[in-house]
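Worksheet: the structure to be examined is printed underneath.
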Amino acid sequence: MFGIKLCNMKSKLSSKTTPGMWFHFQKIKKPVGNKWVYKDKFLSDGSLERHKARLVAKGNTQQEGLDFQDTFAPVIKMTTVRTFLAIAAMRNWHIHQLDVNNVFLHGDLEEEVYMTLPKGFVPPPDIPNSVCRLRKSLYGLKQASRQWFSKLTDTLIRVGYVQSKADHSLFYKATDTSYTCILIYVDDLVLGGNDLSEITALKEVLDKEFSIKDLRNLKFFLGIEVARSTTGIHLSQRKYTLEIIEQANVLDSKSVSTPMDYKVHLSNDPDSLFEDPELYRTLVGKLVYLTTTRPDISYATQQLSHFMSSPTDIHYKVVLRVIRYLKTAPATGLFFPSKGNFQLKAFTDSDWAACF
23 MFGIKLCNMK SKLSSKTTPG MWFHFQKIKK PVGNKWVYKD KFLSDGSLER HKARLVAKGN
83 TQQEGLDFQD TFAPVIKMTT VRTFLAIAAM RNWHIHQLDV NNVFLHGDLE EEVYMTLPKG
143 FVPPPDIPNS VCRLRKSLYG LKQASRQWFS KLTDTLIRVG YVQSKADHSL FYKATDTSYT
203 CILIYVDDLV LGGNDLSEIT ALKEVLDKEF SIKDLRNLKF FLGIEVARST TGIHLSQRKY
263 TLEIIEQANV LDSKSVSTPM DYKVHLSNDP DSLFEDPELY RTLVGKLVYL TTTRPDISYA
323 TQQLSHFMSS PTDIHYKVVL RVIRYLKTAP ATGLFFPSKG NFQLKAFTDS DWAACF
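Letter by letter, the sequence shown follows residues 23 to 378 of our numbering.
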């Protein structure tokens with residue numbers, strides 16, 4: 023394992039010592055620290071894809087106004103993702119996925135940022151006590167995500183794409199015969215449209231500018247498994263659901279047919295607080311993300327979210343019930359039919375929004 027880490031560290035150092043990434047200075051101002059972070063990356067089926075080593079700047083040592091200014095960068099909304107896939111299914115669009123290599127290294131830094139030399143990097147003998155000045159962004163810097171998104175935005179606009187006003191992480195290009203769009207979630211990009219040649223052209227632009235990994239047809243995005251057939255597109259979070267079931271330790275528990283007992287009314291009770299509120303918050307937080315493809319647990323999860331600060335034993339029992347409900351069919355999800363229509367439908371009752 024140490025040999026694998028060392029090899030990955032050398033690879034990352036090589037990718038960061040390209041012209042313009044950094045150069046050496048004698049110590050002028052307080053530099054930002056850094057460290058190596060190791061992580062295993064898995065495929066959608068849970069198998070190991072590769073070991074990763076990443077050099078990360080210690081952003082907590084940055085000084086606002088000196089080392090960084092603005093930091094916000096948008097990501098694609100899940101509502102946009104679902105809408106896009108529903109339309110793509112009905113219009114039989116091509117849907118491809120890209121991964122940008124070393125994504126945060128592409129952003130140009132506007133501030134003057136110095137960093138200590140990383141472990142494993144041999145300083146030049148003629149510059150004692152040297153530090154490096156970052157010309158490009160680096161993982162861990164507070165402005166890294168913003169600078170990357172800015173660079174990508176400029177590139178897309180330059181080749182004729184328009185930024186959506188409804189979702190700033192959605193860009194599209196329309197002609198008389200074609201429609202192409204791109205959805206952005208940091209380094210995960212999804213391309214869709216009716217013209218494969220236009221999608222290919224965009225891939226070539228992005229690969230030339232940033233170096234990308236072409237994952238071809240969309241199968242796994244943000245923890246969501248995407249399965250496509252002639253009848254439509256199915257979204258599920260099976261692996262994620264099984265992880266929740268295991269973490270809640272209900273593998274041997276009996277499943278239930280509904281996520282919540284209609285007789286249960288949740289309320290605050292300071293006399294019966296749950297002994298592990300962090301576990302409660304973790305599980306509810308995961309259930310919230312699971313509602314991306316499981317709207318059937320939305321109401322129960324929304325009710326449980328009201329008690330994140332001081333959950334009780336009753337609240338935790340309801341959490342376990344929701345998870346036992348998920349055991350009945352962990353691969354259940356959303357299905358967008360290819361023969362659907364564009365008519366929007368909504369369902370509610372007379373008491374909708376009573377909790378607001």
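Every residue, glycine too, gets a C-beta built ideally from N, C-alpha and C.
Could you round the C-beta distance between threonine 263 and leucine 326 to whole angstroms and report it? I think they count as a contact, below 8 Å. Reading the sequence shown from its first residue, position 241 is the one you call residue 263. Reading the sequence shown from its first residue, position 304 is the one you call residue 326. Cβ-Cβ separation between threonine 263 and leucine 326: approximately 16 Å, too far for a contact (criterion under 8 Å).
Boundaries (first-last residue) of the beta strand (DSSP E) holding threonine 202: Here residue 202 refers to the residue found at position 180 of the sequence shown. Segment 201-207, the beta strand (DSSP E) holding threonine 202.
How long is the line joining the alpha carbons of threonine 354 and glutamine 365, rounded to whole angstroms? By 1-based counting over the sequence shown, the position of residue 354 is 332. By 1-based counting over the sequence shown, the position of residue 365 is 343. When rounded, the separation of the alpha-carbon atoms in threonine 354 and glutamine 365 is 24 Å.
Inter-residue Cα distance where the pair is lysine 339 and glycine 215: Counting from 1 along the sequence shown, the entry for residue 339 is found at position 317. Counting from 1 along the sequence shown, the entry for residue 215 is found at position 193. C-alpha separation (whole angstroms): 46 Å.
Going by the CB atoms, is the gap between glutamate 71 and lysine 61 shorter than 8 Å? For the purposes of this step, residue 61 is taken as the residue at position 39 of the sequence shown. For the purposes of this step, residue 71 is taken as the residue at position 49 of the sequence shown. The answer is no: Cβ separation not under 8 Å.
Between Thr280, Thr334 and Glu265, which lies nearest to aspartate 293 when the distance is taken from Cα to Cα? By 1-based counting over the sequence shown, the position of residue 293 is 271. Comparing Cα-Cα distances from aspartate 293 to each of Thr280, Thr334 and Glu265, the minimum goes to Thr334.
Which residues in the same chain have their Cβ closer than 6 Å to the Cβ of threonine 350, if we skip the five residues on either side of it in sequence? Reading the sequence shown from its first residue, position 328 is the one you call residue 350. Once the five neighbours on either side are set aside, the close Cβ partners of threonine 350 are Ser277.
Mind checking whether phenylalanine 94 and lysine 164 have CB atoms under 8 Å apart? Position 72 of the sequence shown, counting from 1, holds the residue named residue 94. Position 142 of the sequence shown, counting from 1, holds the residue named residue 164. Between phenylalanine 94 and lysine 164, the C-beta spacing is not below 8 Å.
Any idea if lysine 51 is buried or exposed, counting beta-carbon neighbours within 10 angstroms, 16 or more meaning buried? Mapped onto the sequence shown, residue 51 falls at position 29. Counting other Cβ atoms within 10 Å of its Cβ, lysine 51 stays below 16 and is therefore classed as exposed.
Nearest-angstrom Cα separation, counted from tyrosine 321 out to serine 279: As a first step, residue 279 is located in the sequence shown; it is residue number 257 there, counting from the start. As a first step, residue 321 is located in the sequence shown; it is residue number 299 there, counting from the start. Rounded to whole angstroms, serine 279 and tyrosine 321 show a C-alpha spacing of 15 Å.
Chain-order list of residues whose beta-carbon lies under 7 Å from that of lysine 80 (same chain, five-residue window excluded): Counting from 1 along the sequence shown, the entry for residue 80 is found at position 58. Hits under 7 Å: Val54, Gly55, Asn56, Lys57 and Gly162.
Looking only at DSSP bridge pairs, what is arginine 72 linked to? If you number the sequence shown from 1, residue 72 lands on position 50. Note: arginine 72 sits in a beta bridge opposite Lys63.
For valine 97, name the three-state secondary structure that DSSP assigns. Here the question's residue 97 lines up with position 75 in the sequence shown. Of the three classes helix, strand and coil, the one that applies to valine 97 here is coil, per DSSP.
Answer with buried or exposed for serine 372, where buried requires no fewer than 16 other C-beta atoms within 10 angstroms of its C-beta. To locate residue 372, count along the sequence shown from 1; it is residue 350. The residue is exposed, with fewer than 16 neighbouring Cβ atoms inside 10 Å.
On the criterion of 16 or more Cβ atoms from any shown chain inside 10 Å, does glutamine 269 qualify as buried, or is it exposed? In the sequence shown, counting from the first residue as 1, residue 269 sits at position 247. Exposed: under 16 other Cβ atoms inside 10 Å.
Aspartate 318, DSSP secondary structure in three states: Locating residue 318 in the sequence shown gives position 296, counting from the first residue. DSSP places aspartate 318 in helix when its eight states are reduced to three.
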